[in-house]
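Report on the structure given below.
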Amino acid sequence: MDVQHFERITAFIEARLTPLFDEATGSEHGFSMDDTSRALRALRNSVLEASAVKGLIEKRESAEPAVRRVIDQSVEHHWDVLRGIARQWEDHADFRHEFKHHAWELDHHHAAAGA
Numbered sequence: 002m003d004v005q006h007f008e009r010i011t012a013f014i015e016a017r018l019t020p021l022f023d024e025a026t027g028s029e030h031g032f033s034m035d036d037t038s039r040a041l042r043a044l045r046n047s048v049l050e051a052s053a054v055k056g057l058i059e060k061r062e063s064a065e066p067a068v069r070r071v072i073d074q075s076v077e078h079h080w081d082v083l084r085g086i087a088r089q090w091e092d093h094a095d096f097r098h099e100f101k102h103h104a105w106e107l108d109h110h111h112a113a114a115g116a
């Protein structure tokens, strides 16, 4: 799994969410206590938390094997969270096919491209 996958999917989701924090939606920029604002904040927090795992990818190569397995599991889980969110906009022109893949599929494509 490449850090750039996380950067691309996070940017895609953020580009969909940011306009929703606009006063035109009636949610007072998502910072009010109405249900729409709460849902927007929860979704944005989920995206930020899931994308933060990209910092582990850099540490994977130097990690002990047991830690490496935990990093792999964490990366896969957080990718699945982001993938599920991004797929809500699967019909959007900026949606990338890689957002449909599981983490291990991206590893496979990355390894095949490097060979």
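Residue numbers (this note's numbering): 2 to 116. Quick reminder that beta carbons are idealized off the backbone N, C-alpha and C, glycines included.
For Asp36, the enclosing alpha helix (DSSP H) starts and ends at Asp36 to Ser52. Rounded to the nearest angstrom, the Cβ distance from Val48 to Ile72 is 20 Å, too far for a contact under 8 Å. A straight-line Cα-Cα distance of about 13 Å links Ala16 and Leu83. Taking C-beta separations shorter than 7 Å and ignoring five residues to either side along the sequence, the partners of Asp35 in its chain run Ser28, following chain order. Listed in chain order, the non-local C-beta contacts of Arg69 below 8 Å within the same chain comprise Arg61, local neighbours out to five positions each way being set aside. Short of 8 Å from the beta carbon of Ala64, and not among the five residues preceding or following it, lie these beta carbons of its own chain, in chain order: Ile72.
The closest CA to that of Thr11, considering only Ser75, Arg88, Asp23 and Ala25, is found on Arg88. Scanning its chain for C-beta atoms nearer than 6 Å, with the 5 sequence neighbours on each side dropped, one finds around Ile14 the residues Val48, Ile86 and Ala87, in chain order. Going by DSSP, Arg61 is part of the alpha helix (DSSP H) stretching over Lys55 to Arg61.
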